[in-house]
Every structure is written in structure tokens, then in C-alpha cells.
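Protein chains: 2
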Amino acid sequence: MKAVTIVESQIEIREHPDPEPAKGELLVRVRAAGINAADLMQVQGFYPAPPGSPADIPGMELSGEVAAVGEGVFEFKEGDRVMAIVGGGAQAELALVPERLAMGVPDDVPFPEAGGFPEAFLTAHDALFTQGGVTIGDRVLVHGAAGGVGSAGVQLAAAAGAHVTASVRNDRLWDAVARLGAAEVVAHDDFAERGPFDVVLELVGGSNMAGNLAALNRLGRIVVIGVAGGGAQTDIDLLTVMGKRAVITGSTLRARPLEDKALVTKRAEAHAVPLLANGSVRVLVEQTFPLKEAAAAYERFREGGKLGKIVLVVP
Amino acid sequence: MKAVTIVESQIEIREHPDPEPAKGELLVRVRAAGINAADLMQVQGFYPAPPGSPADIPGMELSGEVAAVGEGVFEFKEGDRVMAIVGGGAQAELALVPERLAMGVPDDVPFPEAGGFPEAFLTAHDALFTQGGVTIGDRVLVHGAAGGVGSAGVQLAAAAGAHVTASVRNDRLWDAVARLGAAEVVAHDDFAERGPFDVVLELVGGSNMAGNLAALNRLGRIVVIGVAGGGAQTDIDLLTVMGKRAVITGSTLRARPLEDKALVTKRAEAHAVPLLANGSVRVLVEQTFPLKEAAAAYERFREGGKLGKIVLVVP
Chain A
4 MKAVTIVESQ IEIREHPDPE PAKGELLVRV RAAGINAADL MQVQGFYPAP
54 PGSPADIPGM ELSGEVAAVG EGVFEFKEGD RVMAIVGGGA QAELALVPER
104 LAMGVPDDVP FPEAGGFPEA FLTAHDALFT QGGVTIGDRV LVHGAAGGVG
154 SAGVQLAAAA GAHVTASVRN DRLWDAVARL GAAEVVAHDD FAERGPFDVV
204 LELVGGSNMA GNLAALNRLG RIVVIGVAGG GAQTDIDLLT VMGKRAVITG
254 STLRARPLED KALVTKRAEA HAVPLLANGS VRVLVEQTFP LKEAAAAYER
304 FREGGKLGKI VLVVP
Chain B
4 MKAVTIVESQ IEIREHPDPE PAKGELLVRV RAAGINAADL MQVQGFYPAP
54 PGSPADIPGM ELSGEVAAVG EGVFEFKEGD RVMAIVGGGA QAELALVPER
104 LAMGVPDDVP FPEAGGFPEA FLTAHDALFT QGGVTIGDRV LVHGAAGGVG
154 SAGVQLAAAA GAHVTASVRN DRLWDAVARL GAAEVVAHDD FAERGPFDVV
204 LELVGGSNMA GNLAALNRLG RIVVIGVAGG GAQTDIDLLT VMGKRAVITG
254 STLRARPLED KALVTKRAEA HAVPLLANGS VRVLVEQTFP LKEAAAAYER
304 FREGGKLGKI VLVVP
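Structure below.
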């Protein structure tokens with residue numbers, strides 16, 4: 004099979020042996036695979052794939068058709084349309100998916116959207132609901148709301164009956180983010196006076212934290228899942244944390260053990276995939292590129308200013 | 004009645020009108036009232052009493068006998084031995100206590116211990132269990148473990164089957180803290196290599212936070228309830244928070260609404276008071292002072308290096 008391959012901190016398309024599904028695994032003929040910030044970090048050598056995933060083939064999410072199943076697979080069969088997060092190796096013609104991580108793709112959802120769904124929507128769902136406890140009537144602030152995870156977060160929070168304030172750096176994208184269900188779209192540096200917020204989804208990083216804490220409601224939760232734009236270091240005033248009884252937490256999805264990823268998948272499958280199926284939420288795809296043009300796709304990802312995902316497709 | 008009274012950032016004993024219990028309130032003849040750091044802050048003008056509490060009489064906890072009850076009080080009657088946190092006004096011969104905040108004092112527990120129980124044990128119980136989720140087998144780090152809240156925290160965590168590491172600045176107190184059930188007692192600056200800890204009870208402040216995060220286990224929780232020793236400002240590395248899926252939170256008890264204090268009281272009454280009754284935990288009283296010597300008691304409190312509580316007693 005052909006696959007995007009990391010060679011000396013660059014990507015190329017190279018030929019690899021076809022993988023074979025072991026017990027409990029699906030072999031998936033990949034039809035689409037989203038690009039994520041972690042892929043870029045992996046290419047640069049900062050974020051190695053977890054054990055058991057291909058070390059030199061990036062890609063943390065995919066959609067496609069089941070090409071074969073390993074022993075002990077009961078929920079899926081050859082030909083089923085599936086999507087999943089994986090530890091790596093998604094940007095290839097074939098990829099292995101543990102059955103517990105696979106979700107069925109709703110009938111009306113095309114593969115490119117499905118290939119950009121898992122990472123963004125599982126991350127956003129886990130951060131907002133499992134970690135942040137978002138519920139009806141909460142005021143939710145989503146930073147970096149035009150990106151993949153951000154646009155998923157705006158839609159999921161709005162669908163849950165929250166009042167969403169979205170911060171977006173690029174003002175050309177404000178109208179589009181408002182159409183996702185944000186009650187209010189503001190500049191990246193114009194949120195601190197807009198509170199009080201019950202939950203903050205932090206996708207930018209440390210530079211936002213003082214404003215987040217200032218704008219936080221009593222018992223508010225700040226969930227940090229990205230620091231690429233604003234840095235990892237930040238100054239916190241603990242008396243504010245105490246006075247507001249604030250919670251600051253954060254996570255990554257990729258580093259978690261399989262059983263945890265399976266739980267995140269099952270929760271999103273129950274609560275987010277039905278919204279995808281009925282059109283309440285959608286995967287914003289800024290642009291698709293054929294797998295063989297992966298280098299151009301990565302370049303476009305790096306440029307930023309996107310509305311949603313950059314997705315590789317396999318014709 | 005006589006009461007400790009704040010006069011121009013000093014304390015004196017002054018005469019006040021006897022308070023009268025309104026609906027749902029107990030009038031308590033105070034027998035003992037612990038001194039807390041917040042009292043000192045209030046005397047200095049930094050921490051005003053919440054609305055409805057006497058502005059000029061400090062004291063956030065007490066024990067005593069019910070002297071009279073207001074309309075609609077059903078759980079307590081005249082003569083009952085009670086203890087409670089209050090919004091203020093405890094350091095007086097008489098004090099008002101909302102019935103929902105009162106706990107019965109176990110038979111064998113003398114008033115001075117009971118008067119130093121509520122603030123420390125409710126704070127420690129809420130922080131460790133309700134906020135921190137401490138459970139059997141957890142590794143728990145308690146900073147400032149020789150103080151009132153710290154010594155309560157060590158005992159409660161140990162009683163819950165946790166493995167407790169206690170940090171104590173004053174090495175003369177190490178043996179005493181070990182006897183409270185700490186598996187390990189270390190210097191205040193010698194904890195960062197002792198992890199991984201599942202829960203950190205932070206009573207010192209910002210200067211500990213880098214070490215706390217470094218020593219934290221995956222999914223660990225840092226609960227900040229005091230910053231007097233180490234300052235409020237601290238630098239946090241958000242990538243560590245994300246990688247460990249850490250939770251940083253904090254609280255104060257006094258600022259909470261009555262219904263919240265009542266819930267904290269009922270949880271501690273159910274889970275901590277029985278341990279006090281059967282001797283599994285005890286209130287460490289470093290020294291008692293008669294109410295009329297409150298100024299000397301406050302001075303002793305300020306000196307630090309205490310094992311447990313400074314308690315005012317009313318003969």
C-alpha cells in the first residue's frame with residue numbers, strides 16, 4: 004500500500020507492506036483522513052506515535068470501508084463504512100483500527116467529512132462534557148473556534164443548550180462561526196470582559212489564561228486542550244482560583260490508553276454521532292487533497308486561517 | 004455579652020448586646036472557638052465578614068451549649084452540645100448558628116477540641132474528598148501538615164486508606180505528624196521527588212506548584228485551599244497539565260452560600276464526626292487561651308510553628 008511517510012522530518016509517499024488485522028482489529032480501506040496539529044509535531048519529531056502504531060506513517064483519524072476483519076470482531080463486517088481515531092498510520096491506503104474505536108458512518112455523511120470527524124468531535128465532546136460538564140444554560144467560551152476542534156466545540160455546546168461565545172483571530176471567519184450556533188463571535192483578545200463563563204475550552208494556550216480566569220464564573224471550569232498559539236507557560240493567581248472555586252484541567256487524546264479512547268469513542272458515538280446523522284452538527288472541511296498531494300495539504304494546514312479541517316482523500 | 008471585637012485593626016474585648024435567635028437559628032453559649040488565618044486577615048481588614056455576620060466580631064467556628072432556639076428549630080434543643088462553622092461572630096460569649104450548620108458534639112469530646120474541629124475538618128474533608136476524590140490506595144501529599152487543616156487532612160486521608168506524605172517546615176513537629184498516620188513526613192522543600200501523588204492538598208501556596216505538578220500522577224488533582232506561606236502567584240506549564248490530565252482547583256469555605264456550607268457540614272457530619280467520636284481522628288490543640296486573653300492568643304497564632312489549633316475558651 005501507499006502511505007504518507009515521515010522521512011527525515013519531511014513527508015513523502017512511500018510503498019509499505021499491507022497491514023494484516025490481528026484479533027479484534029479491522030483492516031480499513033481508507034477513504035479520507037484529516038490532518039491534525041499533532042501530525043505536524045510528529046513530522047518534526049516532537050510527538051512520537053504511541054507504541055503499537057506505525058512510527059513513520061502519520062494520521063490520527065480516518066474514514067473508510069472495512070476491507071477485512073481479524074478474529075473476534077463482531078460489530079463490523081467487510082464493506083461497512085467506519086470512522087475512528089487511531090494512534091497513527093491513518094494517512095495511508097490501508098490502516099488497522101481496533102474494533103472498540105470504530106464508529107459507523109451515518110448514511111448521508113460523505114467520507115471526507117467522516118474522515119475529519121473523529122479527532123475534532125471526540126476531543127471537543129470529551130473536553131466540554133466529560134471534563135467540563137457543560138449543560139443546558141451554561142455560558143461557554145470556545146477559543147480558536149474556527150479550527151477543527153473549535154468548530155466542533157461551538158456546535159456541540161450550542162446543541163446542548165449552552166450560550167456560546169466564540170473567539171476567532173481571523174475576522175473573515177466570524178460570520179461562518181456565528182452560523183455554527185455561536186451566540187457571539189469576538190476577536191481573540193476581546194473576551195475577558197464578556198463573562199462570566201461557566202466553561203472555557205482553551206485551544207490557544209497560556210496567553211489566554213489570565214483573561215480566562217478573570218472572565219470565569221464561580222465554579223467555572225477551564226479545559227486546556229491546545230497551546231500551539233499561546234504557549235504552554237502561564238501565570239495563575241491562586242487566590243482567584245480559590246475565590247471562584249475554579250477548576251483548571253486539560254488533556255490530550257492520543258496519549259491515553261486504548262480502554263480510555265474506547266470510552267471516549269462510545270460516549271461520542273452515543274451523543275455526537277446522532278447529531279451528525281440528523282444534520283445538527285457538521286464537519287467543516289476547508290479543503291481536501293488527494294493522498295499523493297499530502298505535502299501540499301500539510302503546507303495548507305500550516306498556513307492557518309482555516310475554517311475547519313484539511314482532509315486527505317483516497318480516490 | 005462580651006466578645007472579641009475588631010477596633011481599628013486591633014482586637015479588644017468589648018460588651019455587645021446579646022443576640023437573639025431568629026427562625027431556624029440556635030443561640031449558642033460559646034465554650035470554645037478556634038482561631039483561623041482568616042480571622043487575622045479580617046482583623047487586618049482584608050477579609051470582611053459575609054453579609055449577615057457581625058462585621059466586628061471575628062470567629063468562624065465554635066463549640067458550646069444551645070442556650071435558646073428560634074422558631075422552626077427541630078433538631079436541637081436547649082442544653083445540646085453543638086459545634087459549627089459560622090460566617091463570623093464565634094469569638095464571643097454568645098453566638099447565632101443556623102440550625103443547618105450545627106453538628107452534635109460526640110459525648111467524649113471536650114469543648115476545646117470541638118471548638119477547633121469544624122473549620123479544619125470541614126475544610127479538609129471537602130477538599131480531600133468532595134473536590135479531590137481521595138479514595139483507598141491513593142497517594143496523598145498534604146502540605147503544611149502540622150497546622151489545623153493540615154493535621155485534619157493527614158488523619159482523614161489516612162483513615163480513608165490513602166498513603167499520606169506530609170510536608171512540614173518545622174522539623175520539631177515531624178514525629179507528631181507521623182503519629183497522625185502519615186506514612187512519610189518530609190521537609191517543606193523535599194517533596195517533588197516523592198511522587199507520583201494522586202491528590203495534593205495545598206495549604207502553603209504558589210511556591211509549591213511547580214513541584215506539585217512535577218510530582219503529580221496521571222489524572223492527579225491539586226486542591227489549593229491556602230496561599231499564606233507561598234504566595235498566590237504561580238507559573239504553570241499547561242503541557243504538563245494536559246499530558247497528566249491534571250486538575251488544579253481550589254476553594255474557600257467562608258465565601259460559600261449557606262446551602263453549600265450546610266451540604267459540606269452534612270457530609271462531614273456523616274463521614275468525619277463518627278471518626279472523631281470513635282477516636283480515629285482527633286483535634287490537635289496546641290494551646291488554649293481564655294476569651295479575655297484573645298490578644299495573646301492571636302499573637303501566639305501569628306508566631307506559627309504550631310501543632311494544630313489555637314483555641315479560645317469561655318470558662
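One line per chain: the protein sequences are A and B, in this order.
Quick note on our numbering: the first sequence kicks off at 4 and runs consecutively.
Quick note on our numbering: the second sequence kicks off at 4 and runs consecutively.
Don't be surprised by glycine CBs; every beta carbon is placed ideally from N, CA and C.
Predicted, not measured: the structure shown is a model, and the values here were computed from it.
Contact residues of the region 235 to 262 of chain A toward chain B are 235, 236, 237, 238, 239, 240, 241, 242, 243, 244, 245, 246, 247, 248, 249, 250, 251, 252, 253, 254, 255, 258, 259 (C-beta to C-beta distance below 9 Å).
Comparing alpha-carbon positions, the option among B:207, B:133, B:289, B:31 lying closest to residue 169 of chain B turns out to be B:207. With a cut-off of 8 Å on Cβ pairs, the region 132 to 139 of chain A is not in contact with the region 72 to 90 of chain A, counting fewer than three such pairs. Identification of residues in the region 190 to 209 of chain A having a C-beta nearer than 9 Å to some C-beta of chain B yields 205, 208, 209, given in sequence order.
For residue 79 of chain B, the three-state secondary structure derived from DSSP is coil. Within chain A, no residue has its CB atom less than 9 Å from the CB of residue 137 of chain B, the nearest being about 16 Å off. Considering only beta carbons, no part of the region 273 to 291 of chain A lies closer than 8 Å to chain B. Close CB contacts of residue 43 of chain B within its chain, under the 8 Å cut and outside five residues either way in sequence, are with 301, 304, 305 (chain order). Judged by DSSP secondary structure, residue 202 of chain A falls outside any alpha helix (DSSP H) and instead within the beta strand (DSSP E) spanning 200 to 205.
The region 141 to 150 of chain A and the region 197 to 204 of chain A touch, with three or more beta-carbon pairs separated by less than 8 Å. For residue 84 of chain B, the enclosing beta strand (DSSP E) covers residues 84 to 88. For the region 122 to 166 of chain B, the full-length beta strand (DSSP E) segments reaching 3 residues or more read 142 to 146 along the chain. Taking a Cβ-Cβ threshold of 9 Å, the residues of chain B close to residue 230 of chain A are 241, 242, 245, in chain order. By the beta-carbon neighbour count (other beta carbons within 10 angstroms, threshold 16), residue 190 of chain A is exposed. Under DSSP, the beta-bridge partners assigned to residue 238 of chain A are B:238. When the Cα atoms are used, residue 309 of chain B and residue 149 of chain B turn out to be separated by approximately 7 Å.
Leaving aside the five residues that flank residue 271 of chain B on each side, the residues in its chain whose CB is nearer than 7 Å to its CB run, in chain order, 124, 125, 128.
In terms of beta-carbon proximity, residue 227 of chain A lines the interface with chain B, with at least one pair separated by less than 8 Å.
With respect to residue 53 of chain A, residue 90 of chain A sits close: the two C-beta atoms are nearer than 8 Å.
DSSP, read as helix, strand or coil, puts residue 107 of chain B in strand.
Contact between the region 108 to 116 of chain B and the region 170 to 181 of chain B is absent: fewer than three C-beta pairs spanning the two stretches fall below 8 Å.
If only uninterrupted beta strand (DSSP E) runs of at least 3 residues are considered, those enclosed by the region 167 to 200 of chain A are 187 to 189.
In the DSSP assignment, residue 8 of chain B is bridged to B:15. Linking residue 4 of chain B to residue 57 of chain B through their CA atoms gives a straight-line distance of about 14 Å. Look at residue 255 of chain A here: in three-state DSSP terms it is coil, with no helix or strand label. Apart from the 5 residues on each side of it in sequence, residue 229 of chain B sits with its Cβ closer than 8 Å to the Cβ of 40, 147, 152, 205, 206, 207, 208 in its chain, given in chain order. At a cut-off of 3 residues, the continuous stretches assigned as beta strand (DSSP E) that sit fully inside the region 245 to 293 of chain B are 250 to 253, 288 to 293. Excluding its 5 nearest sequence neighbours in each direction, residue 235 of chain A has C-beta neighbours in its own chain below 8 Å: 208, 209, listed in chain order. Using a Cβ distance threshold of 8 Å, residue 33 of chain A and residue 67 of chain A count as a contacting pair. Per DSSP, residue 214 of chain A is one residue of the alpha helix (DSSP H) stretching across 212 to 217.
Measuring C-alpha to C-alpha distances from residue 232 of chain A to each of A:241, A:64, A:211, A:102 identifies A:211 as the nearest. DSSP, reduced to helix, strand and coil, places residue 115 of chain A within a helical segment of the structure shown. Rounded to whole angstroms, the Cβ separation of residue 92 of chain B and residue 60 of chain B is 4 Å, and the two are in contact under 8 Å. Rounded to whole angstroms, the separation of the alpha carbons of residue 28 of chain A and residue 12 of chain A is 29 Å. Membership of residue 231 of chain B in any alpha helix (DSSP H) is not indicated, and neither H nor E is assigned to it by DSSP.
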